[in-house]
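I have placed the structure first, in the form of structure tokens, so that the comments after it can refer back to it.
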Amino acid sequence: MSSETDFLLAVEGLSVSFDGFMAVDDLSFYVDQNEIRVIIGPNGAGKTTVLDLICGRTRASAGSVKFRGRELTQLREHEIVRAGVGRKFQTPSIYEDLSVFENLEISFPRGRSVFGALMFQRDIKVKSRVQEIAEMVFLDGLLSERAENLSHGQKQWLEIGMLLIQEPRLLMLDEPVAGMSVSERKRTAELLHRVIRDRAVLVIEHDMGFVADIAHRVTVLHQGKVISEGSLEHVKEDPKVVEVYLGH
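Using our numbering, the first residue of the sequence shown is number 882, and each one after it goes up by one.
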């Protein structure tokens, strides 16, 4: 039996190759509860592939992903979601023709499908939870608004809300502020600091101003390997990071 660790997420020796190309190469890193960890690195460094491996979209060739002590690499995607891992992709996947309220309601754990969600009664618990999440993601004044009418940033917040209502213990976000205005980026940073109570957030990001606003620790990837890790100040001064990433 493996010893219990305090890490929420322990990634060890993780590797995957596509047609002989090592996209992720013997990768190890650890994320604590209540931590915002940001993964940075040049294009092609393997950042999105790491999220794909954690959430089960891609199968690892080798290595281990333990979440709250449970091995994820043998589980299917939906089982990993149920274990408490929420993943947001670069493009928001929301129901454009439904209201903000309905988008959040459909995501409530009792409604695993659209029909299942719409069939059950909008009881007090669902309504109050939707309200709570809407406030958290700055959309409480827009519950009856159709999702298609939201700004780009608001759509991103709605999708984060759709994940939060499922109460994940690990939230993974792929470039959440791409295309956002400066004020939306600031509010997104505020949002992430709000949501890390009882969970961790793993973010892939290029916007270094945003990274500075949110990161507790930064992991720098290059060619599928970790080349530096620590505070943003630490990795920015690492000569290897300057050479392969920040120098460009």
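A virtual CB, placed ideally from N, CA and C, is assigned to each residue, including glycine.
ask   = Within 10 angstroms of its Cβ, does residue 856 collect 16 or more other Cβ (buried), or is it exposed?
value = Residue coverage of the chain in this structure runs from 882 to 1129, which leaves residue 856 outside it and unanswerable.
inquiry  = I'd like to confirm something about residue 1116: is its beta-carbon nearer than 6 Å to some heavy atom of the ligand ZN, or not?
reply    = With respect to the ligand ZN, the structure shown offers nothing to examine, as it has no ligands at all.
message = Considering just the uninterrupted stretch of the beta strand (DSSP E) at residue 906, what are its terminal residues?
response = Along the sequence shown, read from residue 1 onward, the residue named residue 906 stands at position 25. Counting along the chain, the beta strand (DSSP E) containing residue 906 begins and ends at 902 to 913.
request  = Starting from residue 1106, follow its DSSP beta bridges and name the residues at the other end.
outcome  = In the sequence shown, the residue the question calls residue 1106 occupies position 225. Under DSSP, the beta-bridge partners assigned to residue 1106 are 1103.
message = Taking the beta strand (DSSP E) that residue 1081 belongs to, which residues open and close that run?
response = The residue you call residue 1081 lines up with position 200 of the sequence shown. Taken as a continuous stretch (DSSP letters only), the beta strand (DSSP E) holding residue 1081 covers 1081 to 1085.
Beta-carbon proximity list for residue 951, same chain, < 8 Å, skipping 5 on both sides = What you label residue 951 is simply residue 70 of the sequence shown in a count that begins at 1. Here the set comprises 964.
key: Where residue 1015 sits in the DSSP three-state scheme   = On the sequence shown, position 134 is the one that residue 1015 refers to. Three-state result, residue 1015: helix.
ask   = To the nearest angstrom, how far is it from the Cα of residue 945 to the Cα of residue 1116?
value = Sequence index remark: in the sequence shown, residue 945 carries index 64 (1-based). Sequence index remark: in the sequence shown, residue 1116 carries index 235 (1-based). Each residue's Cα considered, the two are about 25 Å apart.
Simplified DSSP assignment, three categories, for residue 992 = Reading the sequence shown from its first residue, position 111 is the one you call residue 992. Confidence at residue 992 is low in this model, with a pLDDT of 46, below 50, so its placement is unreliable and the value that follows should be read with caution. In the three-state scheme derived from DSSP, where H, G and I count as helix and E and B as strand, residue 992 is classed as coil.
inquiry  = Measuring only the C-alpha atoms, how far is residue 975 from residue 983?
reply    = Stepping through the sequence shown from its first residue, residue 975 is reached at position 94. Stepping through the sequence shown from its first residue, residue 983 is reached at position 102. Roughly 10 Å between the two C-alpha positions.
query = Thinking just about the alpha-carbon of each residue, which of 1086, 1038, 1099 is nearest to the one in residue 1075?
reply = Numbered from its first residue, the sequence shown carries residue 1075 at position 194. The candidate whose alpha carbon is nearest that of residue 1075 is 1038.
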